[in-house]
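Engineer: Residue numbers for the sequence shown, in the numbering used here: 608 to 706.
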Amino acid sequence: VCQGAIVSGGQVYRSIVSPGVRVNSFALVEDSILFDGVDVGRHARIRRAIIDKDVKVPAGFDIGWNRQADLARGLTVTEDGLTVVAKGEDLERYMPHGW
Numbered sequence: 608v609c610q611g612a613i614v615s616g617g618q619v620y621r622s623i624v625s626p627g628v629r630v631n632s633f634a635l636v637e638d639s640i641l642f643d644g645v646d647v648g649r650h651a652r653i654r655r656a657i658i659d660k661d662v663k664v665p666a667g668f669d670i671g672w673n674r675q676a677d678l679a680r681g682l683t684v685t686e687d688g689l690t691v692v693a694k695g696e697d698l699e700r701y702m703p704h705g706w
């Protein structure tokens, strides 16, 4: 976890967390790389992912837990099961309305 990153009640394991990243309460990040400006919402879960700059991961959102769901969202998933989220990707559009 780099200086300038904020882990506010979330959990981070075996990951690289860049400056300007925020991991909110009850969020879980495992075996991942989060670049500058990533905001991980409450109760979100991230596993085996590379998330590029300025991505907001919505509350309750999962990345890297279900290959088919990640592919259905248009995310890249490598043969080894690593999920890649592009810079500035709008993940909110995959949340049900009213969430």
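Glycine included, every Cβ here is placed at the ideal spot set by N, Cα and C.
Check whether the stretch 644-654 touches the stretch 667-686, counting contact only when three or more Cβ pairs, one atom from each stretch, lie closer than 8 angstroms.
Structural biologist: The stretch 644-654 is in contact with the stretch 667-686.
Engineer: Give the C-beta separation of Asp643 and Arg621 to the nearest angstrom, bearing in mind that I take them to be a contact with Cβ-Cβ under 8 angstroms.
Structural biologist: Incorrect: roughly 20 angstroms between the Cβ atoms, too far for contact.
Engineer: At what residues does the alpha helix (DSSP H) containing Leu635 begin and finish?
Structural biologist: From DSSP, Leu635 is part of no alpha helix (DSSP H) but of the beta strand (DSSP E) over Leu635 to Glu637.
Engineer: CB-CB under 6 angstroms to Val691, same chain, minus the five flanking residues each way: which ones, in chain order?
Structural biologist: Answer for Val691: Ile657 and Thr683, listed in chain order.
Engineer: Does DSSP put Asp677 in a helix, in a strand, or in coil?
Structural biologist: DSSP places Asp677 in helix when its eight states are reduced to three.
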